Amino acid sequence: MKARDPYHLAVAALTDFTSEGRFGWGRPLVATALASELGLSPTPVREALARLSGEGVLEHRPGHGYFAPSPTASDIADLYELHWRLAGWAIERIPPGARPPRLEASPRPRIEAFYDNLLAWAGNDVLDRVYRRTALQLRPVRRVERHVDPIADEAVAHQEELFLEGRMSDLRLAIDAYHRNRIAAAQSVFSVMRRSAESIDRI
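Residues are numbered in my numbering as their position in the sequence shown, beginning at 1, plus a constant of 5.
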């Protein structure tokens with residue numbers, strides 16, 4: 006990818022904006038306004054909007070244009086159900102007795118970085134692609150969660166410890182508990198996201 010490729014610059018910027026919760030729940034996205042802000046022509050921005058809507062990161066409403074994500078409580082719960090299953094499938098692909106590598110550093114939130122490492126170590130390209138798409142869709146949800154129902158550092162550290170020690174049966178139980186907690190919080194997270202006509206930093 007060229008460093009100054011307008012299309013990839015637009016994809017990266019719009020992905021970041023969505024992950025940061027900048028657009029607000031269900032807000033319309035105007036390609037010309039975004040292009041002006043990014044210093045790009047509208048064409049690569051429209052192409053980026055089309056790609057991200059195809060990946061479920063943004064929404065496309067035929068005849069009306071593109072919109073920021075507007076997940077319902079049920080959508081949030083379903084995303085975590087899928088995330089849960091993907092993590093379980095990753096563990097099933099890890100050979101018995103295998104010792105995982107050291108966790109790689111990541112600029113992402115610690116809980117997301119942990120699952121990035123877990124899914125990457127499973128070594129299945131199809132599984133990894135589905136997971137990464139799901140993780141992208143969950144990023145604006147996780148941003149709200151940090152304000153509404155944060156994950157204790159101890160809970161993340163516990164999952165990391167079990168992973169590094171190769172205690173996959175215990176890790177599976179911890180992963181189950183984590184996802185049940187996230188699903189239980191879906192309604193509270195949705196309620197805040199629904200009110201996010203302004204930045205989450207101002208909620």
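Every residue, glycine too, gets a C-beta built ideally from N, C-alpha and C.
Just so you know, these numbers come straight off a predicted model, no measurement behind them.
Taking the beta strand (DSSP E) that R66 falls in, what are its first and last residues?
Along the sequence shown, one-based indexing puts residue 66 at 61. Segment E64 to R66, the beta strand (DSSP E) holding R66.
So, with DSSP's three-state summary, where would you put L54?
For the purposes of this step, residue 54 is taken as the residue at position 49 of the sequence shown. Of the three classes helix, strand and coil, the one that applies to L54 here is helix, per DSSP.
Over the uninterrupted alpha helix (DSSP H) stretch that includes F168, give me the two end residues.
For the purposes of this step, residue 168 is taken as the residue at position 163 of the sequence shown. D158 to L169 is the extent of the alpha helix (DSSP H) around F168.
From T213 to A189, what distance separates their C-alpha atoms?
In the structure as shown, the chain begins at 6 and stops at 208. Residue 213 is therefore absent and cannot be evaluated.
Under the three-state reduction of DSSP, which class applies to F72: helix, strand or coil?
Looking up residue 72 in the sequence shown gives position 67. If DSSP states are grouped into helix, strand and coil, F72 belongs with the strands.
Which residues in the same chain as V161 place their Cβ atom closer than 7 Å to its Cβ, once the five residues preceding and following it in sequence are excluded?
In the sequence shown, residue 161 corresponds to position 156, counting from 1. Counting only residues of its own chain and dropping the five nearest sequence neighbours on each side, V161 has a CB closer than 7 Å to the CB of R115, I116 and F119.
Which residue from H184, A55, E25 and S193 puts its Cα closest to that of L87?
Your numbering for residue 87 matches position 82 in the sequence shown. Here the closest residue by C-alpha is H184.
Taking the beta carbon of V131 as the centre, do at least 16 other beta carbons fall within 10 Å, making it buried, or is it exposed?
Counting from one through the sequence shown, the residue named residue 131 turns up at place 126. Counting Cβ neighbours within 10 Å, V131 comes out exposed, since fewer than 16 surround it.
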